[in-house]
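Counted from 1, the sequence shown has number 11 at position 12 by numbering that gives the first Met the number 0; the numbering is strictly sequential. Don't be surprised by glycine CBs; every beta carbon is placed ideally from N, CA and C.
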Amino acid sequence: MRTVKLTSVKAETPAVKSFAFNDELCSKGEPGQFVMVWMPGVDEVPMSLSMLNSRRGQAAITAERVGEATESLHNMKAGDTIGVRGPFGNNYTVSKASKVMIVGGGTGLASLVPLAEKLTKERTKITFLMGAKTKSTLLFHAHISDVLSRAKGRLIVATEDGSYGQRGLVTMSAEKLFKQGEQFNMIYTCGPEKMMQRMLHLTERFHIPFEASLERFMRCAIGLCGTCVIGKYRVCQDGPIFSSQQLLEVKDEFGCWRRGFDGRKIRV
Ligand SMILES: Cc1cc2nc3c(=O)[nH]c(=O)nc-3n(C[C@H](O)[C@H](O)[C@H](O)COP(=O)(O)OP(=O)(O)OC[C@H]3O[C@@H](n4cnc5c(N)ncnc54)[C@H](O)[C@@H]3O)c2cc1C
0 MRTVKLTSVK
10 AETPAVKSFA
20 FNDELCSKGE
30 PGQFVMVWMP
40 GVDEVPMSLS
50 MLNSRRGQAA
60 ITAERVGEAT
70 ESLHNMKAGD
80 TIGVRGPFGN
90 NYTVSKASKV
100 MIVGGGTGLA
110 SLVPLAEKLT
120 KERTKITFLM
130 GAKTKSTLLF
140 HAHISDVLSR
150 AKGRLIVATE
160 DGSYGQRGLV
170 TMSAEKLFKQ
180 GEQFNMIYTC
190 GPEKMMQRML
200 HLTERFHIPF
210 EASLERFMRC
220 AIGLCGTCVI
230 GKYRVCQDGP
240 IFSSQQLLEV
250 KDEFGCWRRG
260 FDGRKIRV
């Protein structure tokens with residue numbers, strides 16, 4: 000565990016803030032990896048790295064306020080201290096795929112921003128699909144537009160209430176493109192598990208390689224406690240990024256069940 004001082008705190012949406020800090024190890028993390036973030040006296044929770052700048056030794060996390068730990072993080076200011084462990088887990092596979100689709104919803108977009116930045120450097124053609132309930136909860140819209148503009152990428156936004164972009168679920172926008180015959184070498188996704196489950200079904204139907212980043216309750220992050228198990232996998236060690244083949248092996252749990260801190264099954 001290293002203690003670091005927050006260098007900036009930025010409100011992204013009414014319930015989401017980004018927290019930047021200097022840490023050499025985190026700044027060298029790969030897109031898709033996560034850190035355990037400790038709020039002194041409160042709790043330690045997993046968070047994806049949403050910004051990686053190895054040149055400056057900087058990194059950031061982006062957290063939605065949902066409970067005690069994230070509430071305490073949201074109350075922090077620049078100069079306050081948190082603890083970080085990691086980075087942990089595997090990362091998205093970045094190959095020389097010429098045309099990819101990225102599908103993100105909610106705070107799932109956090110791990111997809113560094114991925115889009117890395118793919119842009121590889122000159123990969125990106126179609127980025129971003130989903131939100133309503134316009135005010137759209138996350139990283141301006142930043143992702145800027146990143147994509149550097150490599151002639153395309154951004155498609157879907158809001159459930161139609162207040163911005165296409166009306167409906169982001170998976171409906173993806174399906175429309177597949178049905179129009181658009182080809183992709185790889186699909187990456189992170190967001191609500193039902194959304195990712197739908198993307199798995201679509202990519203199976205249209206025969207496209209697929210990677211999804213999973214979130215589970217996590218305690219140790221080093222494969223010991225078993226809190227984050229899904230089927231035969233531990234999300235902290237075997238993931239958080241899983242391929243379609245792995246997700247099909249755990250299809251009775253993926254998008255259906257997760258485990259609470261007491262190990263009991265909870266519906267996703
Ligand atoms: C690998 C990984 C990466 C993550 N990255 C991010 C991120 O970038 N940004 C972000 O905002 N959150 C992320 N999360 C989820 C984040 O860890 C939880 O929201 C956080 O632990 C909630 O803590 P809390 O004390 O504020 O809320 P709690 O009081 O613990 O929970 C509040 C609510 O959130 C649900 N919840 C809590 N933890 C999880 C979880 N792990 N999976 C699903 N539901 C959960 C609870 O069931 C409850 O309904 C990530 C989780 C994992 C496993």
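Between residue 68 and residue 100, the CB-CB gap reaches or exceeds 9 Å. Here residue 197 is buried: its Cβ has 16 or more other Cβ atoms, across all protein chains shown, within 10 Å. A residue is called buried once 16 or more other Cβ atoms fall within 10 Å of its Cβ, and residue 6, having fewer, is exposed. At a threshold of 8 Å, residue 235 counts as near ligand 1, since its beta carbon sits closer than that to one of the ligand's heavy atoms. A direct Cα-to-Cα measurement between residue 247 and residue 123 gives close to 27 Å.
Check the Cα spacing between residue 45 and each of 234, 263, 254, 242: the tightest is with 234. No residue range can be given for residue 134, since it is assigned to no beta strand (DSSP E) and is classified by DSSP as neither H nor E. For residue 169, the enclosing alpha helix (DSSP H) has its first and last residue at 169 to 178.
Distance between residue 264 and residue 255, taken at the CA atoms: about 10 Å. Note on geometry: alpha-carbon atoms of residue 143 and residue 262 lie some 37 Å from one another. Apart from the 5 residues on each side of it in sequence, residue 29 sits with its Cβ closer than 7 Å to the Cβ of 90 in its chain, given in chain order. For residue 215, the shortest C-beta to heavy atom distance toward ligand 1 is below 8 Å. Put simply, the backbone Cα of residue 220 is about 7 Å away from that of residue 35.
Short of 7 Å from the beta carbon of residue 202, and not among the five residues preceding or following it, lie these beta carbons of its own chain, in chain order: 186, 209, 243. Here residue 215 is buried, its C-beta having at least 16 other C-beta atoms within 10 Å. Residue 212 and residue 85 do not touch by the CB rule: their CB atoms are close to 15 Å apart, not below 8 Å.
Pairing residue 129 with residue 88 gives a Cβ-Cβ distance that is not under 9 Å. Around the C-beta of residue 226, 16 or more other C-beta atoms lie within 10 Å, and the residue is accordingly described as buried. Listed in chain order, the alpha helix (DSSP H) elements of length 4 or more contained wholly in the segment 104 to 131 are 108 to 120.
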